Amino acid sequence: MIAKLGRAIAVLICLVGMPIHLCIWALIRMHDSGPALYRSRRLGKGGVGFEMLKYRTMKADARPVVKEGFKTIVVEADPRVTGPGRWLRCGIDELPQLWNIVRGEMAWIGPRPDEEWMLHNYGVQCTQRLVPLPGITGYAQVLYSRNVSTAEGYAIDLWYRAHGSIWLDAWIVIATPMFMAGWRAVGADRLRKLRLLPEFKQLRQRCDAELAAAEKFSLEALSVG
């Protein structure tokens with residue numbers, strides 16, 4: 099019932115917001131004539147791949163840069179980001195994912211979907227992120243997971259899966275537009291308290307161990323190759 103309601107709301111917003119979508123599409127196209135949408139193969143529920151949609155915020159020929167700890171964050175002054183992309187990246191670039199919600203591939207709240215290549219780096223603990231539908235926003239996102247390690251971001255997702263509630267979801271819904279508006283510290287106090295919990299520390303340690311082992315294996319494979 100909740101899933102159907104979420105999809106219905108997504109359909110309504112898609113229809114009402116069509117003029118806004120058309121304006122954003124035109125702005126991106128006029129800037130460099132490249133495609134307005136960026137399509138990325140991501141891990142969905144149960145590890146099933148799907149095509150996630152975003153407004154393109156980087157140059158059409160830009161390649162992803164994977165950093166230590168499997169981080170693929172775009173830095174603030176990244177030369178790959180286009181002019182329009184700099185203001186779209188506040189979260190507006192995620193709006194096309196409303197269509198992913200309509201198609202049943204994503205939910206409003208859930209873990210952010212990793213790219214498909216990341217699947218073979220998951221261990222038993224990290225794989226639990228794939229149980230629910232991925233989301234446009236989520237607990238890890240509003241706790242500024244881009245500013246923490248991949249392992250800690252995963253641990254936040256897993257903690258939310260075990261302790262999520264309607265009240266926590268309500269806070270996420272309220273905090274998301276604040277975060278998009280630039281208040282990156284909206285969840286700072288919650289993250290500080292979360293880090294003190296023994297259960298969360300164990301989740302983070304397990305995720306860290308799995309990703310460290312995967313990264314070591316990848317480096318060894320590259321050296322052999």
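Take 99 as the starting number for the sequence shown in the working numbering and just add one per residue.
Here a beta-carbon is modelled for each residue, glycine too, at the ideal position from N, C-alpha and C.
Values in this document were obtained by computation on a predicted structure and should not be read as measured data.
TODO: Compare the Cα-Cα distances from Pro209 to each of Asn198, Leu125 and Gly236 and report the closest residue.
DONE: Working through the sequence shown from its first residue, we reach residue 209 at position 111. It is Gly236 whose Cα lies nearest to the Cα of Pro209.
Task: Span of the alpha helix (DSSP H) around Trp257 - done: The residue given as residue 257 occupies position 159 in the sequence shown. From DSSP, the alpha helix (DSSP H) with Trp257 extends over Thr248 to His261.
- [ ] Using a threshold of 7 Å, state whether the C-beta atoms of Phe168 and Thr248 are closer than that.
- [x] Against the sequence shown, residue 168 aligns to sequence position 70. Against the sequence shown, residue 248 aligns to sequence position 150. Yes. Within cutoff.
Open item on the list: For Thr180, count the other beta carbons within 10 Å of its own beta carbon; 16 or more makes it buried, fewer makes it exposed. Which is it?
Closed with: Mapped onto the sequence shown, residue 180 falls at position 82. So Thr180 ends up on the buried side.
TODO: Return the chain-ordered ranges of every beta strand (DSSP E) run that is complete within the region 134 to 179 and spans a minimum of 3 residues.
DONE: 135 to 141 and 147 to 153
Open item on the list: Can you give me the C-alpha to C-alpha distance between Pro211 and Trp123, rounded to a whole angstrom?
Closed with: Taking the sequence shown and counting its residues from 1, one reaches residue 211 at position 113. Taking the sequence shown and counting its residues from 1, one reaches residue 123 at position 25. Cα to Cα, Pro211 sits roughly 24 Å from Trp123.
Open item on the list: Do Val246 and Ile270 have their beta-carbon atoms positioned less than 7 Å apart in this structure?
Closed with: Walking along the sequence shown from the start, residue 270 turns up at place 172. Walking along the sequence shown from the start, residue 246 turns up at place 148. Result no, Cβ atoms of Ile270 and Val246 do not sit closer than 7 Å.
Task: the region 284 to 302 touching the region 180 to 199, judged by at least three CB pairs closer than 8 Å - done: no
Open item on the list: Are the CB atoms of Tyr242 and Arg187 within a distance shorter than 7 Å?
Closed with: Within the sequence shown, the letter at position 89 stands for residue 187. Within the sequence shown, the letter at position 144 stands for residue 242. Their beta carbons are not under 7 Å apart, which means Arg187 does not touch Tyr242 by this criterion.
- [ ] Report yes or no: do three or more beta-carbon pairs, one from the region 151 to 166 and one from the region 250 to 264, lie closer than 8 Å?
- [x] no
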